[in-house]
Amino acid sequence: MKPVLFFKRLCVVMYKINFSVFMILAANTPTEIEDPAVVEINKMPARATFFNYESKALAKTNDPSQSKYYQSLNGGWQFNWVRDPADRPMDFYQIDFDDSGWNEIPVPANWEINGYGVPIYLNHPYE
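Going by the numbering used here, the sequence shown opens with residue 272, and the numbers climb by one from there.
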């Protein structure tokens, strides 16, 4: 093989390797968090609020908490706040993920009121 042809092929291979490494590193950057133009990801279309009851009589009471299909999400949730999105736990969605070291935050709540981060809306009296 001629030295010039070998060098050209080597350059192409090195370019592909460098490009692949760059793409892998770029894939780990959560750019959607930092881009103000991104206002929705995996968002479902808007719809009216509705609730299914198990009987017509129960539906007439208009109290979803009385239905067996109702589950409140209010309460204490495990919460982990990081200043930099790159510091977030990457495998938090795994079923066997250990969140025992996380703090608990009341839901519904605002995390700035509970001491995490910096309040954004300064005209609101954080109580």
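Note that the Cβ used here is the ideal one computed from N, Cα and C, for glycine as well. Keep in mind that this is a model prediction, so the values were computed, not measured.
Exercise for the section: Could you name the residues of the same chain whose beta carbon sits closer than 8 Å to that of F322, not counting the 5 residues immediately before and after it, in chain order? Expected result: Numbered from 1 along the sequence shown, position 51 holds the residue referred to as residue 322. Closer than 8 Å at the Cβ level, and outside the excluded window around F322, lie P335, S338, Y340 and Y341.
Exercise for the section: Would you list, in sequence order, the uninterrupted beta strand (DSSP E) runs of no fewer than 3 residues that lie entirely inside the stretch 309-370? Expected result: 346-350
Problem - Beta-carbon separation (whole angstroms), V309 vs E303, contact threshold 8 Å - result: Numbered from 1 along the sequence shown, position 38 holds the residue referred to as residue 309. Numbered from 1 along the sequence shown, position 32 holds the residue referred to as residue 303. Rounded, the Cβ-Cβ distance is 5 Å, consistent with contact.
Exercise for the section: Take F350 as the anchor and find which of L276, K279 and F363 has the nearest alpha-carbon. Expected result: One-based indexing of the sequence shown puts residue 350 at position 79. Cα-wise, what sits closest to F350 is F363.
Problem - Buried/exposed call for I376, threshold 16 Cβ in 10 Å - result: Position 105 of the sequence shown, counted from the start, is the residue given in the question as residue 376. Classification for I376: buried.
Problem - E305: first and last residue of the uninterrupted alpha helix (DSSP H) it sits in - result: As a first step, residue 305 must be located in the sequence shown, where it is residue number 34. Where E305 is concerned, the enclosing alpha helix (DSSP H) stretches over T302 to E305.
Practice task
Taking only the alpha-carbon atoms, compute the straight-line gap between F277 and I288 and give it to the nearest angstrom.
Solution key: Within the sequence shown, numbered from 1, the residue matching residue 277 stands at position 6. Within the sequence shown, numbered from 1, the residue matching residue 288 stands at position 17. Roughly 17 Å between the two C-alpha positions.
Practice task
Starting from V378, follow the beta strand (DSSP E) in both directions and report where the run begins and ends.
Solution key: Residue numbering aside, residue 378 sits at position 107 when the sequence shown is read from its first letter. Note, V378: beta strand (DSSP E), N374 to V378.
Handout entry: Neighbourhood of Y387 by C-beta distance below 7 Å, restricted to the same chain and skipping five residues each side
Key = The count along the sequence shown starts at 1 and reaches residue 387 at position 116. Contacts found: W352.
Handout entry: Cα-Cα separation, N313 to I384
Key = If you number the sequence shown from 1, residue 313 lands on position 42. If you number the sequence shown from 1, residue 384 lands on position 113. Whole-angstrom Cα-Cα distance: 28 Å.
Practice task
Just the C-alpha distance for A407 and R359, rounded to the nearest angstrom, thanks.
Solution key: The question about residue 407 has no answer here: the residues shown for the chain are numbered 272 through 398.
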